[in-house]
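Engineer: The opening residue of the sequence shown carries number 16 in this note's numbering; numbering runs sequentially from there.
By construction, the Cβ of each residue, glycine as well, lies at the ideal position given by its N, Cα and C atoms.
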Amino acid sequence: MGTWLSADIPAFAVVGRVNAGKTATLATLLEIDDDELLRISATPGETTEVLPLPVRYDDEELMRFLDTPGFQQPIEAMKEIQRLAAGGVPGPAEIARFVKECRERFPDEVRLLEPLTEGAGVIYVVDPGKPLRDSFLAEIEILRWTGRPRLALLNPQGEPAPEQEREWRERLGTAFNLVRTFDAHEARYDERRRLLEALLQIEEHHREHIKKVISAMENEMSDRLEEAAEAMLDFFEKALTLRVSEPLETRDRGIPARMEKKRADLEARYFKKLADLENDCLKRLLKAYRHHLLKPEIDPAGHSGLNLAVAETWRKWGLSRGQLTAAGVATGGAAGAVIDFGVGGHSFFVGAAIGAVVGGAAAFFKGGALPELRFKGVSLGKVQSDGQALEAGPPQNPNFPWVLLDSMLIRHAGILDRAHGRRDKAPIESGEQESRVRAFPAARRSLFQKWFTSCLKGSPDRGKEPEVFAELVAALDEGAALPNE
Ligand SMILES: Nc1nc2c(ncn2[C@@H]2O[C@H](COP(=O)(O)OP(=O)(O)OP(=O)(O)O)[C@@H](O)[C@H]2O)c(=O)[nH]1
Ligand SMILES: [Mg+2]
Numbered sequence: 016m017g018t019w020l021s022a023d024i025p026a027f028a029v030v031g032r033v034n035a036g037k038t039a040t041l042a043t044l045l046e047i048d049d050d051e052l053l054r055i056s057a058t059p060g061e062t063t064e065v066l067p068l069p070v071r072y073d074d075e076e077l078m079r080f081l082d083t084p085g086f087q088q089p090i091e092a093m094k095e096i097q098r099l100a101a102g103g104v105p106g107p108a109e110i111a112r113f114v115k116e117c118r119e120r121f122p123d124e125v126r127l128l129e130p131l132t133e134g135a136g137v138i139y140v141v142d143p144g145k146p147l148r149d150s151f152l153a154e155i156e157i158l159r160w161t162g163r164p165r166l167a168l169l170n171p172q173g174e175p176a177p178e179q180e181r182e183w184r185e186r187l188g189t190a191f192n193l194v195r196t197f198d199a200h201e202a203r204y205d206e207r208r209r210l211l212e213a214l215l216q217i218e219e220h221h222r223e224h225i226k227k228v229i230s231a232m233e234n235e236m237s238d239r240l241e242e243a244a245e246a247m248l249d250f251f252e253k254a255l256t257l258r259v260s261e262p263l264e265t266r267d268r269g270i271p272a273r274m275e276k277k278r279a280d281l282e283a284r285y286f287k288k289l290a291d292l293e294n295d296c297l298k299r300l301l302k303a304y305r306h307h308l309l310k311p312e313i314d315p316a317g318h319s320g321l322n323l324a325v326a327e328t329w330r331k332w333g334l335s336r337g338q339l340t341a342a343g344v345a346t347g348g349a350a351g352a353v354i355d356f357g358v359g360g361h362s363f364f365v366g367a368a369i370g371a372v373v374g375g376a377a378a379f380f381k382g383g384a385l386p387e388l389r390f391k392g393v394s395l396g397k398v399q400s401d402g403q404a405l406e407a408g409p410p411q412n413p414n415f416p417w418v419l420l421d422s423m424l425i426r427h428a429g430i431l432d433r434a435h436g437r438r439d440k441a442p443i444e445s446g447e448q449e450s451r452v453r454a455f456p457a458a459r460r461s462l463f464q465k466w467f468t469s470c471l472k473g474s475p476d477r478g479k480e481p482e483v484f485a486e487l488v489a490a491l492d493e494g495a496a497l498p499n500e
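1) I'd like to know if the segment 107–115 and the segment 44–64 are in contact, where contact means that at least 3 CB-CB pairs between them fall below 8 angstroms.
2) For Gly-134, which residues in the same chain have their Cβ closer than 6 angstroms to its Cβ, ignoring the five residues on either side in sequence?
3) Hey, is His-200 close to ligand 1, as in C-beta under 6 angstroms from one of its heavy atoms?
4) Hey, how far is the Cα of Met-93 from the Cα of Leu-211?
5) Going by beta carbon distance, what residues of the same chain come within less than 6 angstroms of Asp-476, once the five residues before and after it are set aside?
6) Between Ile-47 and ligand 1, is the CB less than 6 angstroms from at least one heavy atom?
7) From Leu-68, Glu-76, Asn-34 and Gln-88, pick the residue whose C-alpha is nearest to that of Thr-62; which is it?
8) Is the beta carbon of Lys-145 within less than 6 angstroms of some heavy atom of ligand 2?
9) Give me the Cα-Cα distance between Val-259 and Lys-287, rounded to the nearest whole angstrom.
10) Would you mind reading off the limits of the beta strand (DSSP E) that contains Ile-138?
11) Between the segment 161–176 and the segment 24–41, are three or more C-beta pairs nearer than 8 angstroms?
12) Say yes only if the C-beta of Glu-282 is nearer than 6 angstroms to one or more non-hydrogen atoms of ligand 1, and no if none qualify.
13) Would you check if there are 3 or more beta carbon pairs closer than 8 angstroms linking the segment 328–340 to the segment 289–298?
14) Rounded to whole angstroms, what's the CA-CA distance from Cys-252 to Val-344? Just pull it up for me.
15) Is it buried or exposed, Glu-282, if we count other Cβ atoms within 10 angstroms and call 16 or more buried?
16) Can you check the segment 259–291 for any beta strand (DSSP E) of at least 3 residues that lies completely inside it and give the ranges in chain order?
17) Tell me whether Tyr-61, by its Cβ, gets closer than 6 angstroms to a heavy atom of ligand 2.
18) Which term fits Arg-278, buried or exposed, when burial requires 16 or more other beta carbons within 10 angstroms of its beta carbon?
19) Helix, strand or coil for Gln-411 per DSSP?
20) State yes or no: is the C-beta of Val-1 nearer than 6 angstroms to some heavy atom of ligand 1?
21) Can you tell me the Cα-Cα spacing of Ala-489 and Gly-478, whole angstroms?
22) What is the C-beta distance between Leu-77 and Lys-227, in whole angstroms, given that I count them as a contact (C-beta under 8 angstroms)?
23) What is the rounded straight-line gap between the Cα of Met-236 and the Cα of Ala-496?
24) Measure the alpha-carbon distance for His-14 versus Leu-301 and round it to whole angstroms.
25) Quick one: what does DSSP say Asp-198 is sitting in, helix, strand or coil?
26) What are the start and end residues of the alpha helix (DSSP H) that includes Gly-31?
27) Take Ala-243 and list the residues in its own chain whose beta-carbon comes closer than 7 angstroms to its own, dropping the five residues that flank it on each side.
28) Going by CA-CA distance only, name the one from Met-274, Ile-443, Asn-234 and Leu-419 that's closest to Ala-404.
29) Quick check: what's the CA-CA separation for Glu-218 versus Asp-249?
30) Thinking C-alpha only, which one of Glu-206, Glu-185, Arg-54 and Leu-420 is nearest Glu-245?
31) Could you pull out every unbroken alpha helix (DSSP H) segment of at least 4 residues lying fully inside the segment 75–134, listed in chain order?
32) What is the residue span of the alpha helix (DSSP H) that Ala-244 lies within?
33) Assuming Leu-321 and Ser-450 make a contact with CB atoms under 8 angstroms, what is their CB distance in whole Å?
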């Protein structure tokens with residue numbers, strides 16, 4: 016079968032002008048964000064050799080794509096092929112001769128046409144924002160002469176004028192079996208799937224292989240939703256049961272400045288641990304969706320990630336007050352700190368000292384401060400001489416679990432939105448998004464609320480977990496189906 020193809024494996028070569036976005040198209044279609052393997056750049060001529068990209072499932076190669084260097088001298092190559100046809104209409108035989116005889120003068124054209132002479136199908140990538148010049152017409156002619164199954168992909172790198180795009184479509188329609196749009200920077204699961212279905216339409220051999228790839232892709236998508244839901248549930252459980260504590264000594268108790276410092280240290284430790292949990296969860300999500308370049312970017316100071324210290328987060332995300340009440344939360348008690356001291360003789364002092372520090376719960380809602388945590392004095396039994404410790408738990412705002420859930424749903428959608436062919440360093444989108452939990456059906460809200468409450472109390476309700484998991488998978492699936500922002 017030659018250099019690039021194997022018998023019984025359908026192969027498609029992605030061809031087009033230098034810089035048309037061939038490599039980006041493959042990166043997005045095959046979810047490869049490895050910058051070493053697939054080099055994508057604004058420098059024309061980035062890809063210089065044919066690169067085979069096998070699609071394997073369960074260790075079986077089902078399909079193969081070939082990245083190729085771009086056309087550099089299409090008009091001259093077209094003339095050369097016409098010369099080889101000696102006045103007749105060129106066809107596959109002339110293309111084969113061109114590949115054999117003209118390597119020195121047309122190194123790029125020969126490299127990109129070689130897999131086609133061996134039997135690969137054609138995926139021709141064009142930017143419909145470029146004027147349809149003679150050089151493009153030459154490429155279209157050459158590809159037609161190969162006689163291979165041909166799909167043309169419009170990959171808009173800007174906003175093409177509708178007039179121009181129509182001209183491209185008309186022209187491509189005369190020489191290609193199918194013309195489709197595939198934006199290498201925006202395409203998501205559905206578009207990737209449609210592209211494979213288009214290949215299924217134009218390729219008459221090995222259809223079973225392509226069908227297998229499509230169904231493997233579907234199965235993989237549902238596995239990933241479950242993986243994502245599992246990572247999130249794990250995160251919610253750990254976040255809602257998170258507690259940090261510090262021993263209290265007699266000498267600290269009566270001195271407000273010392274108590275204040277203890278409390279501030281605890282608060283810092285609590286939010287650091289919460290951010291670590293958030294980071295772990297996002298890493299698991301990115302891994303599930305095969306992103307390596309995209310980073311969680313948890314930096315509350317830089318307003319990326321979940322920023323609990325801005326009022327905006329609490330205004331936009333989580334349930335509305337009415338929904339919270341309907342889900343079974345007493346919202347009225349949110350403002351006061353829970354100061355619940357166990358045993359110990361000096362609780363009055365501790366209480367007074369903490370009271371002085373945590374008095375300003377409302378200030379947080381004006382923005383710029385972290386939310387009030389639940390603080391509690393706990394007994395350490397005989398470990399400490401005076402048997403007291405100070406413990407910090409989750410923020411008191413009843414919307415806390417819902418804000419966590421919203422922030423994860425939104426970032427999950429942001430990860431699904433990110434095409435693997437993009438190489439810019441933008442963080443996962445999250446800031447400008449609407450709440451998703453507010454659109455939950457009431458039954459789902461009350462189910463989650465019950466489970467959240469059990470976690471907040473420190474004993475997650477295992478009996479409810481399967482149902483919570485199923486509802487979370489459903490919510491993630493609905494989020495995946497929403498259109499691009
Ligand atoms: N906005 C936008 N930019 C794109 C898109 N596809 C590719 N680009 C950009 O166009 C440039 C070229 O993309 P590549 O994928 O390297 O193009 P190529 O056709 O493989 O180029 P060569 O290998 O040099 O022939 C890169 O800067 C890409 O980020 C797209 O769909 N939208
Ligand atoms: Mg390339």
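Structural biologist: On the basis of the supplied data:
1) In this structure the segment 107–115 does not touch the segment 44–64; the number of beta carbon pairs closer than 8 angstroms is below three.
2) The residue labelled residue 134 in the question sits at position 119 within the sequence shown. Answer for Gly-134: Leu-20, listed in chain order.
3) Position 185 of the sequence shown, counted from the first residue, corresponds to residue 200. In terms of side-chain proximity, the C-beta atom of His-200 is found nearer than 6 angstroms to a non-hydrogen atom of ligand 1.
4) Taking the first residue of the sequence shown as position 1, residue 93 is located at position 78. Taking the first residue of the sequence shown as position 1, residue 211 is located at position 196. Roughly 30 angstroms between the two C-alpha positions.
5) Sequence index remark: in the sequence shown, residue 476 carries index 461 (1-based). Answer for Asp-476: Trp-466 and Ser-469, listed in chain order.
6) For this step, residue 47 is matched to residue 32 along the sequence shown. No, ligand 1 has no heavy atom inside 6 angstroms of this Cβ.
7) Walking along the sequence shown from the start, residue 62 turns up at place 47. Among Leu-68, Glu-76, Asn-34 and Gln-88, the Cα nearest to that of Thr-62 is on Asn-34.
8) Within the sequence shown, residue 145 is the residue found at index 130, counting from 1. Not one heavy atom of ligand 2 sits closer than 6 angstroms to the Cβ of Lys-145.
9) As a first step, residue 259 must be located in the sequence shown, where it is residue number 244. As a first step, residue 287 must be located in the sequence shown, where it is residue number 272. Going by the C-alpha atoms only, they are around 11 angstroms apart.
10) Within the sequence shown, the letter at position 123 stands for residue 138. First-last of the beta strand (DSSP E) with Ile-138: 136–141.
11) At 8 angstroms Cβ cutoff, the stretches touch.
12) Reading the sequence shown from its first residue, position 267 is the one you call residue 282. Using a cutoff of 6 angstroms, the CB of Glu-282 does not count as near ligand 1, since none of the ligand's heavy atoms is closer than that.
13) No, they do not touch.
14) For the purposes of this step, residue 252 is identified with residue 237 of the sequence shown, where counting begins at 1. For the purposes of this step, residue 344 is identified with residue 329 of the sequence shown, where counting begins at 1. Reading off the sequence, residue 252 comes out as Glu, not Cys. Roughly 18 angstroms between the two C-alpha positions.
15) Along the sequence shown, one-based indexing puts residue 282 at 267. Counting Cβ neighbours within 10 Å, Glu-282 comes out buried, since at least 16 surround it.
16) The segment 259–291 contains these whole beta strand (DSSP E) runs: 259–263.
17) One-based indexing of the sequence shown puts residue 61 at position 46. First, the residue type needs correcting, since residue 61 is Glu and not Tyr in the sequence shown. It does: the Cβ of Glu-61 is within 6 angstroms (strictly closer) of some heavy atom of ligand 2.
18) Locating residue 278 in the sequence shown gives position 263, where the first residue counts as 1. The residue in question, Arg-278, is buried, as its Cβ has 16 or more Cβ neighbours within 10 Å.
19) Residue numbering aside, residue 411 sits at position 396 when the sequence shown is read from its first letter. Note: Gln-411 maps to coil in three-state DSSP.
20) Any answer about residue 1 is impossible in this case: the structure gives the chain only from 16 up to 500.
21) Within the sequence shown, residue 489 is the residue found at index 474, counting from 1. Within the sequence shown, residue 478 is the residue found at index 463, counting from 1. Answer to the nearest angstrom: the Cα atoms are 19 angstroms apart.
22) Here residue 77 is taken as the residue at index 62 of the sequence shown, counted from 1. Here residue 227 is taken as the residue at index 212 of the sequence shown, counted from 1. With 8 angstroms as the limit, Leu-77 and Lys-227 qualify as a contact, their Cβ atoms being about 5 angstroms apart.
23) Indexing the sequence shown from 1 puts residue 236 at position 221. Indexing the sequence shown from 1 puts residue 496 at position 481. Taking the straight line from one Cα to the other gives about 12 angstroms.
24) Residue 14 is absent from the structure shown; the chain starts at 16 and stops at 500.
25) Residue mapping note: residue 198 aligns to position 183 of the sequence shown, counting from 1. Annotated three-state conformation of Asp-198 is coil, per DSSP.
26) Taking the sequence shown and counting its residues from 1, the one referred to as residue 31 is at position 16. Unbroken run through Gly-31 is the beta strand (DSSP E), 26–31; no alpha helix (DSSP H).
27) Sequence index remark: in the sequence shown, residue 243 carries index 228 (1-based). Closer than 7 angstroms at the Cβ level, and outside the excluded window around Ala-243, lie Leu-300, Ala-303, His-427 and Leu-491.
28) Position 389 of the sequence shown, counted from the start, is the residue given in the question as residue 404. The candidate whose alpha carbon is nearest that of Ala-404 is Met-274.
29) Here residue 218 refers to the residue found at position 203 of the sequence shown. Here residue 249 refers to the residue found at position 234 of the sequence shown. Looking at the two C-alpha atoms, the distance is approximately 44 angstroms.
30) Mapped onto the sequence shown, residue 245 falls at position 230. It is Leu-420 whose Cα lies nearest to the Cα of Glu-245.
31) The segment 75–134 contains these whole alpha helix (DSSP H) runs: 89–99, 107–116 and 122–132.
32) Residue mapping note: residue 244 aligns to position 229 of the sequence shown, counting from 1. In the DSSP assignment, Ala-244 falls within the unbroken alpha helix (DSSP H) covering 222–255.
33) Here residue 321 refers to the residue found at position 306 when the sequence shown is read from its first residue. Here residue 450 refers to the residue found at position 435 when the sequence shown is read from its first residue. In this structure, Leu-321 and Ser-450 do not form a Cβ contact; the two beta carbons are roughly 14 angstroms apart against a cut-off of 8 angstroms.
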